[in-house]
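Colleague: Counting in the numbering used here, the sequence shown runs without a single skipped number right up to 1671 at its last residue.
Ideal placement from N, C-alpha and C gives every residue a C-beta, glycine not left out.
Sharing a structure, written as structure tokens. Questions coming.
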Amino acid sequence: MLKQIQMPAYTIKILDTLSPVYPATWNTISGTHNPFTRFEFLHALETEGCTTSAQGWQPHHLAFTDAAGSTVALLPAYIKTHSMGEYVFDWGWADAYQRHGLAYYPKLLSAVPFTPSIGPRLLYPPGSDPATVMQLHHDAAQALTSEAINMQASSWHLLFANEDSVSLLGGEENVMVRSGCQFRWKNNGYSIFEDFTDALVSRKRKMIRKERKAIADQGISFRHLPGTDITQADLDTFFVFYQATYLKRGQAPYLTRGFFQRICETMPEQLHLVIAEHNGNDVAAALFFVNEDTLFGRYWGCLEEYDRLHFETCYYQGIELCISRNLRDFDAGAQGEHKILRGFEPIITRSCHWIAHPSFRAAIAGFLESETQNVVAYADEARSLLPYRDY
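Below, the structure written as structure tokens:
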């Protein structure tokens, strides 16, 4: 623990590591529905060398305690010395600071590292009364601002926030909301994959059938492994493919073999691995997360390129998994306009930002106003291109 911040309603402890926190304590507050905010996921990132000061992700978590000393809310946060692994791109802001002789880093960030998925950021038990939730968000904004000022940080940022955080934090003084666009697949009560393709216009239905046939014609098959069935050999195979995705771009992977090992041990019920095979050899893999209603596509890789293999492994196999498990949503990650023609609908993402420098704050506010209009227009246009027969 680094220090404490005293607020009228709560004392906020700043934690530079999760290690003193018991998983049961954290998960009682966060729940385990969202796999990325549960203790096991965040702790694995920290202990396996992914979120450390050396990697530019110094843990700086906020733990809210009441008058009795009980922890009542949590806010995962990090001191950042770069903007990699965030997926809400502020490189232009950093460049503008540098051109004016000012330091943009460090900055204070609340996000799930390397995970562009909408979810809760301020964590509190379900059923908390609205007045308490409002107070927690207010104190979170004040604490983040206070910490940013004390650290001489340029700003704080809360990324891919759910609607509660956006509506409450966005009303705080000088907090700006930024919009983005992702694509999600919705399960409209399909019983089999063909129910989904039958809902598409003829041309797109034929396109998907052709893409899937290309996979079959190449003799590629798929092995599905729930997290509890993933062996060390399977994990080794996956990690080779995962690394290749980054190495092809001349970049080291964000996540370590130890991270994947640890989450396989501590939260296997929320993992699902798909391995593609060709002529008896594993040729690609995709690792998904899952909860009671949503499939999350996250990590993928291959060594050799096969026609349509990425679409099949990451999207069509995921859609089939959603249908077979009666999952409502498929969150397949950031970007990817190619998803539109395969039935993934645009959704607006939002993040909250506080900028210390008044002139830059005003300039960024103007930029965000224009950017938001463009994002909304883009999402509307994308929605008009959806291949469903009702559109």
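Could you tell me the alpha carbon to alpha carbon distance between residue 1565 and residue 1594, rounded to whole angstroms?
Modeller: Here residue 1565 refers to the residue found at position 285 of the sequence shown. Here residue 1594 refers to the residue found at position 314 of the sequence shown. Their backbone Cα atoms lie some 9 angstroms apart in a straight line.
Colleague: If you draw a straight line from the C-alpha of residue 1436 to the C-alpha of residue 1562, how long is it?
Modeller: Stepping through the sequence shown from its first residue, residue 1436 is reached at position 156. Stepping through the sequence shown from its first residue, residue 1562 is reached at position 282. Taking the straight line joining both Cα atoms gives about 43 angstroms.
Colleague: At the level of alpha carbons, what is the spacing between residue 1526 and residue 1374?
Modeller: As a first step, residue 1526 is located in the sequence shown; it is residue number 246 there, counting from the start. As a first step, residue 1374 is located in the sequence shown; it is residue number 94 there, counting from the start. Whole-angstrom Cα-Cα distance: 24 angstroms.
Colleague: Which residue wins for smallest C-alpha separation from residue 1656, given the options 1666, 1628, 1392?
Modeller: For this step, residue 1656 is matched to residue 376 along the sequence shown. The residue with the shortest Cα to Cα distance from residue 1656 is 1628.
Colleague: In whole angstroms, what is the alpha-carbon distance linking residue 1349 and residue 1285?
Modeller: Along the sequence shown, read from residue 1 onward, the residue named residue 1349 stands at position 69. Along the sequence shown, read from residue 1 onward, the residue named residue 1285 stands at position 5. So the alpha carbons of these two residues sit roughly 14 angstroms apart.
Colleague: Residue 1403 and residue 1292 look like a contact to me (Cβ under 8 angstroms); what is the Cβ gap, rounded to whole Å?
Modeller: Taking the first residue of the sequence shown as 1, we reach residue 1403 at position 123. Taking the first residue of the sequence shown as 1, we reach residue 1292 at position 12. Not really, about 13 angstroms apart at Cβ, beyond 8 angstroms.
Colleague: Can you have a look at residue 1619 and say buried or exposed, based on whether 16 or more other CB atoms are within 10 angstroms of its CB?
Modeller: Counting from 1 along the sequence shown, the entry for residue 1619 is found at position 339. Flag for residue 1619 reads buried.
Colleague: So what does DSSP say about residue 1638, is it helix, strand or coil?
Modeller: Along the sequence shown, one-based indexing puts residue 1638 at 358. Reduced to three states, the DSSP call for residue 1638 is helix.
Colleague: Could you name the residues of the same chain whose beta carbon sits closer than 7 angstroms to that of residue 1442, not counting the 5 residues immediately before and after it, in chain order?
Modeller: Working through the sequence shown from its first residue, we reach residue 1442 at position 162. Hits under 7 angstroms: 1398, 1399, 1400.
Colleague: Helix, strand or coil for residue 1417? Go by DSSP, reduced to three states.
Modeller: Walking along the sequence shown from the start, residue 1417 turns up at place 137. Correct three-state label for residue 1417: helix.
Colleague: Is DSSP giving residue 1335 helix, strand or coil here?
Modeller: Position 55 of the sequence shown, counted from the start, is the residue given in the question as residue 1335. The answer is helix: DSSP assigns residue 1335 an H, G or I state.
Colleague: When you compare only the Cα positions, how much space is there between residue 1604 and residue 1654?
Modeller: If you number the sequence shown from 1, residue 1604 lands on position 324. If you number the sequence shown from 1, residue 1654 lands on position 374. One C-alpha to the other measures close to 37 angstroms.
Colleague: One question on the structure: do residue 1521 and residue 1581 come within less than 7 angstroms of each other, judged by their Cβ atoms?
Modeller: Locating residue 1521 in the sequence shown gives position 241, counting from the first residue. Locating residue 1581 in the sequence shown gives position 301, counting from the first residue. Yes, these two residues count as a Cβ contact at 7 angstroms.
Colleague: Is it buried or exposed for residue 1483, if we count other Cβ within 10 angstroms and need 16 for buried?
Modeller: What you label residue 1483 is simply residue 203 of the sequence shown in a count that begins at 1. It is exposed - the Cβ of residue 1483 has fewer than 16 other Cβ atoms within 10 Å.
Colleague: Quick one: is residue 1528 buried, meaning 16 or more other Cβ sit within 10 Å of its Cβ, or exposed?
Modeller: Taking the first residue of the sequence shown as 1, we reach residue 1528 at position 248. Exposed, because fewer than 16 other Cβ atoms sit within 10 Å of the Cβ of residue 1528.
Colleague: Between the alpha carbons of residue 1577 and residue 1367, how many angstroms are there, rounded?
Modeller: If you number the sequence shown from 1, residue 1577 lands on position 297. If you number the sequence shown from 1, residue 1367 lands on position 87. The straight-line gap from Cα to Cα measures roughly 15 angstroms.
Colleague: Specify, as a first and last residue, the run of the beta strand (DSSP E) that residue 1582 falls within.
Modeller: Residue numbering aside, residue 1582 sits at position 302 when the sequence shown is read from its first letter. Here the beta strand (DSSP E) through residue 1582 covers 1574–1582.
Colleague: How is residue 1430 classed by DSSP in three states: helix, strand or coil?
Modeller: Residue numbering aside, residue 1430 sits at position 150 when the sequence shown is read from its first letter. In the structure shown, residue 1430 sits in a helix (DSSP, three-state: H, G or I).
Colleague: How big is the Cα-Cα spacing for residue 1586 and residue 1433?
Modeller: Numbered from its first residue, the sequence shown carries residue 1586 at position 306. Numbered from its first residue, the sequence shown carries residue 1433 at position 153. Near 46 angstroms, if we compare the C-alpha coordinates of residue 1433 and residue 1586.
Colleague: Which runs of the beta strand (DSSP E), 3 residues or longer, sit entirely within the region 1449–1482?
Modeller: Whole beta strand (DSSP E) segments, 3+ residues: 1455–1466.
Colleague: Taking its Cβ as the centre, do 16 or more other Cβ atoms sit within 10 Å of residue 1429, making it buried, or is it exposed?
Modeller: Working through the sequence shown from its first residue, we reach residue 1429 at position 149. When all chains shown are included, residue 1429 counts as exposed.
Colleague: Using 8 angstroms for Cβ pairs, my map puts residue 1543 next to residue 1319. What's the rounded Cβ distance?
Modeller: Working through the sequence shown from its first residue, we reach residue 1543 at position 263. Working through the sequence shown from its first residue, we reach residue 1319 at position 39. Residue 1543 to residue 1319, Cβ: 11 angstroms. No contact.
Colleague: What are the boundary residues of the beta strand (DSSP E) that residue 1275 is part of?
Modeller: Residue 1275 lies beyond the range of the chain shown here (1281 to 1671); nothing can be said about it.
Colleague: Go through its chain and collect everything with a Cβ distance to residue 1351's Cβ below 8 angstroms, but skip five positions before and after it.
Modeller: For this step, residue 1351 is matched to residue 71 along the sequence shown. Contacts found: 1305, 1309, 1343, 1344, 1345.
Colleague: Could you say if the region 1357–1365 and the region 1383–1394 meet the contact criterion of at least three C-beta pairs nearer than 8 angstroms?
Modeller: Segments in contact, yes.
Colleague: Since residue 1604 is in the alpha helix (DSSP H), which residue starts that stretch and which ends it?
Modeller: By one-based count along the sequence shown, residue 1604 stands at place 324. From DSSP, the alpha helix (DSSP H) with residue 1604 extends over 1597–1605.
Colleague: Which term fits residue 1369, buried or exposed, when burial requires 16 or more other beta carbons within 10 angstroms of its beta carbon?
Modeller: Within the sequence shown, numbered from 1, the residue matching residue 1369 stands at position 89. With fewer than 16 other Cβ atoms within 10 Å, it is exposed.
Colleague: In whole angstroms, give me the CA-to-CA distance for residue 1548 and residue 1315.
Modeller: Taking the first residue of the sequence shown as position 1, residue 1548 is located at position 268. Taking the first residue of the sequence shown as position 1, residue 1315 is located at position 35. Roughly 11 angstroms between the two C-alpha positions.
Colleague: Do you know whose CA, among 1330, 1455, 1553, lies nearest residue 1644's CA?
Modeller: Counting from 1 along the sequence shown, the entry for residue 1644 is found at position 364. Residue 1644 has its Cα closest to that of 1455, out of 1330, 1455, 1553.
Colleague: Thinking C-beta only, is residue 1614 closer than 7 angstroms to residue 1462?
Modeller: Indexing the sequence shown from 1 puts residue 1462 at position 182. Indexing the sequence shown from 1 puts residue 1614 at position 334. Contact flag set, yes.
Colleague: So, at 7 angstroms on beta carbons, what are the nonlocal neighbours of residue 1679 in its own chain, with the 5 sequence-adjacent residues on each side left out?
Modeller: Beyond the ends of the chain as shown, which are 1281 and 1671, falls residue 1679; an answer cannot be given.
Colleague: Sorted by chain position, which residues of the same chain lie with C-beta nearer than 7 angstroms to residue 1325's C-beta, five sequence neighbours on each side aside?
Modeller: Here residue 1325 is taken as the residue at index 45 of the sequence shown, counted from 1. Answer for residue 1325: 1331, 1393, 1539, listed in chain order.
Colleague: Any idea what DSSP makes of residue 1492, helix, strand or coil?
Modeller: On the sequence shown, residue 1492 is found 212 positions in, with the first residue counted as 1. Correct three-state label for residue 1492: helix.
Colleague: Which partner residues of residue 1387 appear in the DSSP bridge assignment?
Modeller: Within the sequence shown, the letter at position 107 stands for residue 1387. Residue 1387 pairs with 1360.
Colleague: Could you tell me the boundaries of the alpha helix (DSSP H) in which residue 1325 lies?
Modeller: As a working note, residue 1325 is residue 45 in the sequence shown. Run containing residue 1325: 1319–1327, per the alpha helix (DSSP H) assignment.
Colleague: According to DSSP, simplified to helix, strand and coil, what is residue 1399?
Modeller: By 1-based counting over the sequence shown, the position of residue 1399 is 119. Looking at residue 1399 - three-state DSSP - the assignment turns out to be strand.
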